[in-house]
Each structure stands twice: as structure tokens, then as C-alpha cells.
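S.K.: Under my numbering, the first residue of the first sequence carries the number 22, and numbering increases by one thereafter.
Dropping a structure here in C-alpha cells format, bear with me for questions.
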Amino acid sequence: MVQEKLLQIYQLMFEHFGDRHWWPAQTKEEVVIGAILVQNVSWSNTEKAIEKLRQQDLLSFAALHRAPLDEIEPCVVSTRFYKTKAKKLKAFSDFLDANYKGDLEAFLRQPVPQLREQLLNIYGIGPETADDIVLYAGGQLSFVIDAYTQRILARLGITQEQAGYEELRTWFMENLPADVALFNQYHALLDAVGHHYCSPKNPSCTPCPLAPLCQYAQQNHSFTQS
DNA sequence: GCCCAGGGGGCTC
DNA sequence: GAGCCCCATGGG
22 MVQEKLLQIY QLMFEHFGDR HWWPAQTKEE VVIGAILVQN VSWSNTEKAI EKLRQQDLLS
82 FAALHRAPLD EIEPCVVSTR FYKTKAKKLK AFSDFLDANY KGDLEAFLRQ PVPQLREQLL
142 NIYGIGPETA DDIVLYAGGQ LSFVIDAYTQ RILARLGITQ EQAGYEELRT WFMENLPADV
202 ALFNQYHALL DAVGHHYCSP KNPSCTPCPL APLCQYAQQN HSFTQS
């Protein structure tokens, strides 16, 4: 029942947006670096920082591990909170060096529960970033929840307003087929819906592909006004 | 020139 | 464990 609804939501989003080609990166290291840098900032700002790191030959954890903070910081200024972001990149590179001799692949190969737990113990890695890394860098099953996901589900009337991260993640994982490609695309599509149609200030519910299923859209009168 | 995006850490009670 | 502030750029 729930699975049917979730797949229906997926279909509507996919018909509207098509393949999102997420995560855009050339290497797994780039996925992880991007996942840290994108926290609380747009992807376009993140891209700028990734290009700067690339230009400075800092787009690898080996290089980040060697580099002093004041060399990393100027590269990531565009990602807001740049001192914090530089520290987070450094913390990840230090962790990898200390525990996996810098071998990201070896780290990512672990079973999801262990991998996730270790990720969450690294400075700067919270639940969302951990799941980005498990799914998009590790290619393993973990559903990513973000603020858009929470808002969209609440507006659809499917989940409680204040459902927590772990609760929502478990709910998706219990009600979706265990398919990495599906998890990948589903989160990317929710992100697109959230970005384009489901912001708190500008709930432009039309032409949101989910409007036909959405309680919020049906209650709000933006359809008939202007 | 002002508002605000939308994650994580750290503190408080 | 919920609620709050801090981080501090750039696009609309």
C-alpha cells in the first residue's frame, strides 16, 4: 500500500524531471568532498569550490591530508562557513589516513551499518552527509533524507510534520524495493521538486508534479489566484 | 542592500 | 532530546 504510493510519487517526479544524473562527480573522492562542501549551500557554489580544489591539486584526500588549513580555506570560500568546511575536509582526510591508510574504497566497502556508524563519528559528517556518502560514493543502500524530503512528505500528508531523520529514513527503506539505482534517483528527484516547487516562502505548487497528490497544494489557493 | 538557503556542532535545560 | 545559536557566502 505504502510502497504503491511511494512508487506513484516516484513516477510523477520522473515523468516531470527525467533522469537527474546524480551525483555529478568524476571520482568517489569527489563525491565525498562534494557531499561535505554542499552542506547548507547550493550546488553551483559547491562546484566552484571543487574546481578551485582541482586547480590547486587538492581534490584528493591524500592532498588534503598534506595541505595546511590555510591552503584549503581559500579554495572553499564559495561554500559559506569556509573555515568550518576546510576543517571538515581535513578531518575526513585525517580519519582516512589514520584508519584506512588513505584508501577510500576500502573504507566504503564495509557493510552499511558499520560504515554509517563510522561516518557519523567523523567531525562534520551528520546523518544526511553520511547517507550521501554511503549511497552516492559507496553505491550501497541507504536512503538520504533532507529538508526538502521532510517538507514534501509532510505537505503530501504522508508523514507527521515533525518526523525525525532516522524515522523517515527507516520508513523509506522499509517501503521501497532495495534498489540502489532507485534510491539514487528518488532522492535526486525529491531534491528537484523541493528546489523548484516546494520552498517555504514560495510554494509555487503549480506545475509541481506532486500537486495532484498533495494536501498542501489542495488547501492553498495559489492555483486560482493570479 | 537585504533576505535567506536548509547541514552539522555544540551548548543549554 | 528538543530548542537555540553559530558558522559567514552569494544569488535573487
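Note that CB positions come from ideal geometry on N, CA and C, so glycine has one too.
Buried or exposed for Arg-190, going by 16 or more other Cβ atoms inside 10 Å?
M.R.: buried
S.K.: With a threshold of 16 other CB atoms inside 10 Å of the CB of Gly-39, please say whether the residue is buried or exposed.
M.R.: With fewer than 16 other beta carbons inside 10 angstroms of its own, Gly-39 counts as exposed.
S.K.: How far does the alpha helix (DSSP H) with Tyr-237 in it reach, from first residue to last?
M.R.: 236-240
S.K.: In whole angstroms, what separates the C-alpha of Leu-210 from that of Ile-166?
M.R.: 12 Å
S.K.: Between the C-alpha atoms of Pro-230 and Lys-49, what's the straight-line distance to the nearest angstrom?
M.R.: 32 Å
S.K.: Taking the alpha carbon of Val-155 as the reference point, which residue from Tyr-169, Gln-139, Tyr-144, Leu-33 has its own alpha carbon closest?
M.R.: Gln-139
S.K.: Do Ile-57 and Lys-108 have their C-beta atoms closer together than 8 Å?
M.R.: no
S.K.: Which of the three DSSP states, helix, strand or coil, is assigned to Ser-247?
M.R.: With a pLDDT of only 34 at Ser-247, under the threshold of 50, the placement of this residue in the model should not be trusted; the figure read from the coordinates follows. Here Ser-247 sits in coil by DSSP.
S.K.: So, are the CB atoms of Gln-236 and Leu-177 less than 8 Å apart?
M.R.: yes
S.K.: Rounding to the nearest angstrom, what Cα-Cα distance links Phe-113 and Gln-239 in this structure?
M.R.: Note on geometry: alpha-carbon atoms of Phe-113 and Gln-239 lie some 45 Å from one another.
S.K.: With a threshold of 8 Å, are at least 3 pairs of Cβ atoms found where one atom belongs to the region 95-103 and the other to the region 118-133?
M.R.: no
S.K.: Less than 8 Å separating the beta-carbons of Ile-173 and Gly-147?
M.R.: no
S.K.: Run through the region 49-136 for me and flag every whole alpha helix (DSSP H) of 4 or more residues, listed as ranges in chain order.
M.R.: 49-58, 64-76, 82-87, 90-93, 103-121, 125-129
S.K.: Can you grab the Cα-Cα spacing for the pair Val-53 / Asp-153, in whole Å?
M.R.: 8 Å
S.K.: Mind checking Asn-61: buried by the 16 CB within 10 Å criterion, or exposed?
M.R.: exposed
S.K.: Out of curiosity, what's the CA-to-CA distance linking Gln-206 and Ala-151?
M.R.: Taken atom to atom, the span from the alpha-carbon of Gln-206 to that of Ala-151 is near 17 Å.
S.K.: Could you check the C-alpha separation between Leu-266 and Leu-74 for me, to the nearest Å?
M.R.: In the structure as shown, the chain starts at 22 and stops at 247, and residue 266 therefore has no counterpart that could be examined.
S.K.: Check each candidate in Phe-204, Asp-118, Glu-25 and name the one with the smallest Cα separation from Arg-87.
M.R.: Asp-118
S.K.: Can you tell me the Cα-Cα spacing of Ser-163 and Trp-192, whole angstroms?
M.R.: 11 Å
S.K.: Going by alpha carbons, who is nearest to Leu-85 out of Ala-70, His-217, Asp-115?
M.R.: Asp-115
S.K.: Return yes when the Cβ of Lys-111 is within less than 8 Å of the Cβ of Leu-136, no when it is not.
M.R.: Here Leu-136 is not near Lys-111, since their CB atoms are 8 Å or more apart.
S.K.: Do Leu-33 and Asn-196 have their C-beta atoms closer together than 8 Å?
M.R.: no
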